[in-house]
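Report on one structure; see the data block that follows.
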Amino acid sequence: MQKEKLLYSLVAIAFLITSIVMVFLKVITYQEALQGASVWASVIFGIYNWRARVETEKIMKEMEEEQNVKF
Numbered sequence: 008m009q010k011e012k013l014l015y016s017l018v019a020i021a022f023l024i025t026s027i028v029m030v031f032l033k034v035i036t037y038q039e040a041l042q043g044a045s046v047w048a049s050v051i052f053g054i055y056n057w058r059a060r061v062e063t064e065k066i067m068k069e070m071e072e073e074q075n076v077k078f
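Residue numbering for the sequence shown follows our numbering, beginning at 8 and increasing consecutively.
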């Protein structure tokens, strides 16, 4: 999980640096860079939420097996 967070963070940083360079080179506008950043943020947070849900379900299954309790 820690390696995945590092990977997602590195991807976000790489996108940020690329966007800044592209804005300075006038390849894209500032508004387009902000729109791209919001899309990437949504994707990364979606992945975090999905992973958290999977981990929570796994823990709950383990608890059910240990205590013979249904949630």
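Where is the CB? At the ideal position from N, CA and C, for every residue including glycine.
Item: CA nearest to the CA of Val25, picked from Ala40, Ala48, Ser16; Value: The sequence given here places Thr at residue 25; Val does not occur at that position. Among Ala40, Ala48, Ser16, the Cα nearest to that of Thr25 belongs to Ala40.
Item: Inter-residue Cα distance where the pair is Arg58 and Gln9; Value: 12 angstroms
Item: Neighbourhood of Ile88 by C-beta distance below 8 angstroms, restricted to the same chain and skipping five residues each side; Value: In this structure the chain extends from 8 to 78, so residue 88 is not present and cannot be described.
Item: Beta-carbon proximity list for Glu30, same chain, < 7 angstroms, skipping 5 on both sides; Value: According to the sequence displayed, residue 30 carries Val and not Glu. Correct list, in chain order: Tyr37, Ala40.
Item: Alpha carbon of Ala44 to alpha carbon of Phe52, nearest angstrom; Value: 12 angstroms
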